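If you count by full-length UniProt numbering, then the sequence shown holds residues 1 to 115, one letter each, in order. For each residue, glycine too, the CB sits at the ideal point set by N, CA and C. None of these values were measured; they are calculated from a predicted model.
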Amino acid sequence: MYGYCGASGAFCGTGCQAGFGNCDTAPAPGKTCNVEGFANKAEYYASSFNLIDTTDVSTCAKLCLAEATCQSYLWNPLLGNCAYLTYSLAQGEFIADPDTDQFFWDRACAEATAA
């Protein structure tokens, strides 16, 4: 229904993305932390006009936690930059793809690391 898998049948069907778990089962933990891929919605990236240069992903997590509107963040180690985003991975219709150089985390990942 929404293009990603979840814990109920409402999330299953055409366009279900295996990177978010299996339909009708609870999603595997960590599937929204350090996931390689891209977002399917241009609006997701449009919220990222805050690229900063860094070779350390922890800088990206700190940036996200410092911004109240941050819902997720991305890091590109090849380009050495990151950005915080105002949409979660689910809202951005995230697609897991091991052939990109972009790694994504939802805000909860940064919160769990900081705790």
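Tell me which same chain residues have a C-beta within less than 6 Å of the C-beta of residue 101, skipping the five on either side of it?
Numbered from its first residue, the sequence shown carries residue 101 at position 101. The answer, listed in chain order, is 76, 78.
Using the three-state DSSP reduction, which class does residue 24 fall into: helix, strand or coil?
Position 24 of the sequence shown holds residue 24. Any reading at residue 24 must be qualified, since the residue scores a pLDDT of 44, below 50, and its modelled position is unreliable; the value itself is stated next. The answer is coil: DSSP assigns residue 24 none of H, G, I, E or B.
What is the residue span of the alpha helix (DSSP H) that residue 111 lies within?
Numbered from 1 along the sequence shown, position 111 holds the residue referred to as residue 111. Segment 107-114, the alpha helix (DSSP H) holding residue 111.
In the DSSP assignment, find the beta strand (DSSP E) that holds residue 88 and state where it starts and stops.
Translated into positions along the sequence shown, residue 88 becomes position 88. Counting along the chain, residue 88 falls outside any beta strand (DSSP E), and DSSP gives it neither H nor E.
Can you name, in chain order, every residue of its own chain whose Cβ lies under 6 Å from the Cβ of residue 110, other than the five neighbours on each side?
Here residue 110 refers to the residue found at position 110 of the sequence shown. Hits under 6 Å: 61, 64, 65.
Work out the CA separation of residue 89 and residue 68 for me, nearest whole Å.
On the sequence shown, position 68 is the one that residue 68 refers to. On the sequence shown, position 89 is the one that residue 89 refers to. In a straight line, the C-alpha of residue 68 is about 16 Å away from that of residue 89.
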